[in-house]
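This report concerns only the one structure given below.
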Amino acid sequence: MSAFAEDWQSWKTERETTLADPYGWLALVSLDWLETTPRAYDGLPGVWWQDDDAAYWQPDGEEPRRFELVQSGPGERVALGDVEVEVARRGGYLIRVHDPKAEVLRNFRGVPAYEPQEKWVLEGVYEPFDEPVPTTVGAVVEGLSHVYEAPGRVRFSHDGAEHVLTAFNGRNGGLNILFTDATSGVTTYAANRSLAAAVDGGRVVLDFNRATNLPCAFTDFATCPLPPAGNHLPFGVEAGEKTPYERG
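Per the working numbering: the sequence shown = residues 12 to 259.
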């Protein structure tokens with residue numbers, strides 16, 4: 012095995028270890044949108060509700076607990092016995108239950124992927140906008156949308172043609188690119204894939220061998236964003252993660 016393939020395999024192993032987190036995305040067993048009237052939800056103590064500003068949980072015989080969260084930002088967790096309840100804001104407020112005994116998690120056997128090929132490591136140019144541009148995208152949940160700041164775009168060439176992808180902010184100062192391509196809905200998940208890319212000056216390396224599925228590829232209890240308009244590649248990116256076994 013080449014050093015390139017070994018490095019990719021190490022990345023894939025780490026990726027699958029993260030996915031197998033007992034309280035991660037594969038542990039989701041429910042999603043409920045909170046109402047303005049307090050109500051109970053199956054298997055959870057107390058009552059839950061929301062108003063225009065926050066979500067609330069009132070355990071039996073106790074004072075309400077308030078959750079004021081950022082739109083499309085990280086959720087907040089509440090440990091309740093063997094499960095964790097995640098409160099998140101996606102338009103309105105929602106609660107999701109993470110259960111380490113979830114069937115999807117129990118049956119997880121890794122993520123199918125194309126074999127790594129160095130030809131899918133492409134170099135691009137990062138073109139920052141004068142100011143970050145608030146960009147509205149759709150979601151896998153009908154009627155829901157997300158708004159993210161796009162700091163710039165990436166321009167690159169493939170097979171003699173030029174392509175441009177809008178980029179969002181990623182981890183550690185990098186970029187996060189949501190895209191579809193000619194394999195979407197054929198060998199890869201139809202709605203979206205994600206690619207993390209580091210910026211070095213004006214240079215960006217796009218390693219499509221590390222294109223990953225978003226949580227919605229594994230579970231129906233995710234509210235993942237769709238790619239921005241224009242982020243469809245007309246060629247097949249035969250690299251990175253394929254449609255999960257769970258969706259096969």
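Ideal Cβ placement from N, Cα and C applies to all residues, glycine included.
Quick caveat, the model's predicted, so the values are computed rather than measured.
Beta carbon of residue i nearer than 8 Å to that of residue j
| i | j | result |
| --- | --- | --- |
| L186 | V210 | yes |
| L37 | F246 | no |
| R107 | G84 | no |
| A222 | L244 | no |
| N220 | W131 | yes |
| R50 | V58 | yes |
| D62 | T47 | yes |
| L91 | L55 | yes |
| R166 | V152 | no |
| A178 | A161 | yes |
| R77 | Y256 | no |
| F15 | E129 | yes |
| C227 | A201 | no |
| V248 | D192 | yes |
| L237 | V148 | yes |
| N242 | F190 | yes |
| V89 | W60 | no |
| R287 | E138 | With the chain covering only 12 through 259, there is no way to say anything about residue 287. |
| V98 | D110 | no |
Buried versus exposed, by CB contacts within 10 Å (16 or more), residue i
| i | result |
| --- | --- |
| G251 | buried |
| V158 | exposed |
| W44 | exposed |
| G154 | exposed |
| R204 | buried |
| A124 | buried |
| G163 | buried |
| K112 | exposed |
| V96 | buried |
| D231 | exposed |
| D218 | buried |
| T28 | exposed |
| A240 | exposed |
One or two residues paired with residue i in a DSSP bridge
| i | result |
| --- | --- |
| W36 | Bridge partners of W36: none, in fact. |
| V58 | Q69 |
| Y159 | T146 |
| E173 | S168 |
| D180 | In the sequence under discussion, the amino acid at residue 180 is Asn, which differs from the Asp named in the question. Answer by DSSP bridge pairing, in chain order: L186. |
| L225 | DSSP, once it has assigned bridges, lists no residue as partnering L225. |
| E249 | Per DSSP, none; premise fails for E249. |
| P236 | A150 |
| L42 | R107 |
| D211 | R214 |
| T191 | H243 |
| T230 | Looking at the DSSP assignment, T230 forms no beta bridge with any residue, so it has no partner. |
| T199 | S195 |
| R50 | W59 |
Continuous beta strand (DSSP E) stretch holding residue i: start and end
| i | result |
| --- | --- |
| L80 | Premise fails: L80 is in no beta strand (DSSP E) and is neither H nor E. |
| A207 | R204 to A208 |
| D218 | R214 to D218 |
First and last residue of the uninterrupted alpha helix (DSSP H) at residue i
| i | result |
| --- | --- |
| F15 | A14 to L30 |
- Any beta strand (DSSP E) of 3 or more consecutive residues that is wholly inside the segment 85–146: 87–91, 94–101 and 103–109
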